[in-house]
Amino acid sequence: DAKTTQPPSMDCAEGRAANLPCNHSTISGNEYVYWYRQIHSQGPQYIIHGLKNNETNEMASLIITEDRKSSTLILPHATLRDTAVYYCIVRVVGYSTLTFGKGTMLLVSP
Amino acid sequence: GAVVSQHPSRVICKSGTSVKIECRSLDFQATTMFWYRQFPKKSLMLMATSNEGSKATYEQGVEKDKFLINHASLTLSTLTVTSAHPEDSSFYICSAPPGQGANEQYFGPGTRLTVT
């Protein structure tokens, strides 16, 4: 079973920030939070990961709560090309296997 | 970033035949590669871990004699679906970490298999 819970779908207007939540209340101290996304009929794409500090890269920001039981992926200015299924995954760093849950289908509309 | 390719991108085959899918890491060496299967509107399910120079490790419920995996080199892993049936029709995706203990995995674009 996946160790994360995400809403099945979300909508966002183009140009607005998309905030995707993820609950991981049973996360262990040595587990990181990873985010991947999958555009329709393509392979997943790595977005970002973090342990306890907030992280930012050219694609997104990751906000992790202090108790690490939840996190939010932020796409600051969503575009139509950001429409995809977003997967939140917890994993021990260095352990390669990824377990995908159902993810959140983000639909960005004009 | 690192690139993983798959070939073919789409394949249609008849029931009972075998199909080979290739996964290549184009700009890095991968001692380990992973094979996933994804049915329509479902999430990715790990099928097996492909190890260069040794036997693949299969997940529970995945038939090793039906899904043959060969990790021929540090840049190539192949998945052969033997005696394909219509229920094997799926989206097959491979991935590889760009180094042992790497933080991320790079995924191939996937192969759409349709068995008629």
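Just so you know, the protein sequences line up as chains A and B, in that order. Position one of the first sequence corresponds to residue 1 (our numbering), numbered consecutively onward. Position one of the second sequence corresponds to residue 1001 (our numbering), numbered consecutively onward. By construction, the Cβ of each residue, glycine as well, lies at the ideal position given by its N, Cα and C atoms.
Closest by CA to residue i, which one among the options?
{"i": "residue 1084 of chain B", "options": "B:1074, B:1114, B:1104, B:1092", "result": "B:1114"}
{"i": "residue 1031 of chain B", "options": "B:1048, B:1007, B:1097, B:1011", "result": "B:1097"}
{"i": "residue 1033 of chain B", "options": "B:1052, B:1020, B:1039, B:1016", "result": "B:1052"}
{"i": "residue 65 of chain A", "options": "A:57, A:51, A:98, A:83", "result": "A:51"}
{"i": "residue 1110 of chain B", "options": "A:45, A:58, A:59", "result": "A:45"}
{"i": "residue 33 of chain A", "options": "A:5, A:42, A:40, A:105", "result": "A:5"}
{"i": "residue 27 of chain A", "options": "A:102, A:67, A:84", "result": "A:67"}
{"i": "residue 1003 of chain B", "options": "A:77, A:23, A:43", "result": "A:43"}
{"i": "residue 1061 of chain B", "options": "B:1073, B:1055, B:1046", "result": "B:1046"}
{"i": "residue 18 of chain A", "options": "A:102, A:81, A:100", "result": "A:81"}
{"i": "residue 1019 of chain B", "options": "B:1072, B:1068, B:1073", "result": "B:1068"}
Would the beta-carbon of residue i fall within 9 Å of that of residue j?
{"i": "residue 1103 of chain B", "j": "residue 49 of chain A", "result": "yes"}
{"i": "residue 1116 of chain B", "j": "residue 1023 of chain B", "result": "no"}
{"i": "residue 1092 of chain B", "j": "residue 1079 of chain B", "result": "yes"}
{"i": "residue 1066 of chain B", "j": "residue 1081 of chain B", "result": "yes"}
{"i": "residue 105 of chain A", "j": "residue 8 of chain A", "result": "yes"}
{"i": "residue 98 of chain A", "j": "residue 1038 of chain B", "result": "no"}
{"i": "residue 1017 of chain B", "j": "residue 1035 of chain B", "result": "no"}
{"i": "residue 54 of chain A", "j": "residue 63 of chain A", "result": "yes"}
Starting from the beta carbon of residue i, find every residue of chain B whose beta carbon is closer than 8 Å, and list them in chain order.
{"i": "residue 97 of chain A", "result": "1034, 1046, 1049"}
{"i": "residue 49 of chain A", "result": "1103, 1104"}
Return helix, strand or coil for residue i, following the three-state DSSP convention.
{"i": "residue 21 of chain A", "result": "strand"}
{"i": "residue 1065 of chain B", "result": "coil"}
{"i": "residue 68 of chain A", "result": "coil"}
{"i": "residue 1104 of chain B", "result": "coil"}
{"i": "residue 58 of chain A", "result": "coil"}
{"i": "residue 1027 of chain B", "result": "coil"}
{"i": "residue 51 of chain A", "result": "coil"}
Report back the beta-carbon spacing between residue i and residue j to the nearest angstrom; my notes put them in contact at under 8 Å.
{"i": "residue 88 of chain A", "j": "residue 61 of chain A", "result": "Actually they are not in contact, since the Cβ atoms of residue 88 of chain A and residue 61 of chain A sit about 14 Å apart, beyond 8 Å."}
{"i": "residue 73 of chain A", "j": "residue 35 of chain A", "result": "5 Å"}
{"i": "residue 1029 of chain B", "j": "residue 1075 of chain B", "result": "6 Å"}
{"i": "residue 85 of chain A", "j": "residue 14 of chain A", "result": "Contact doesn't hold; Cβ gap of about 18 Å is too wide."}
{"i": "residue 1095 of chain B", "j": "residue 1108 of chain B", "result": "7 Å"}
{"i": "residue 90 of chain A", "j": "residue 3 of chain A", "result": "5 Å"}
{"i": "residue 24 of chain A", "j": "residue 69 of chain A", "result": "6 Å"}
{"i": "residue 1009 of chain B", "j": "residue 1112 of chain B", "result": "7 Å"}
Would you mind telling me which residues of chain B sit closer than 9 Å to residue i, beta carbon to beta carbon, in chain order?
{"i": "residue 8 of chain A", "result": "Under the 9 Å cutoff, chain B gives no residues; its nearest Cβ is about 11 Å from residue 8 of chain A."}
{"i": "residue 33 of chain A", "result": "Near residue 33 of chain A there are no residues of chain B at all, since even the closest Cβ is about 12 Å away, more than 9 Å."}
Mind listing the chain A neighbours of residue i? Cutoff is C-beta to C-beta under 7 Å, in chain order.
{"i": "residue 1021 of chain B", "result": "In chain order: nothing, as chain A lies at least about 13 Å away."}
{"i": "residue 1093 of chain B", "result": "43"}
Which chain A residues sit within Cβ distance under 9 Å of residue i?
{"i": "residue 1120 of chain B", "result": "Beyond the ends of chain B as shown, which are 1001 and 1116, falls residue 1120 of chain B; an answer cannot be given."}
Which chain A residues are close to residue i, counting only those with a beta carbon under 8 Å from its beta carbon?
{"i": "residue 1110 of chain B", "result": "41, 42, 43"}
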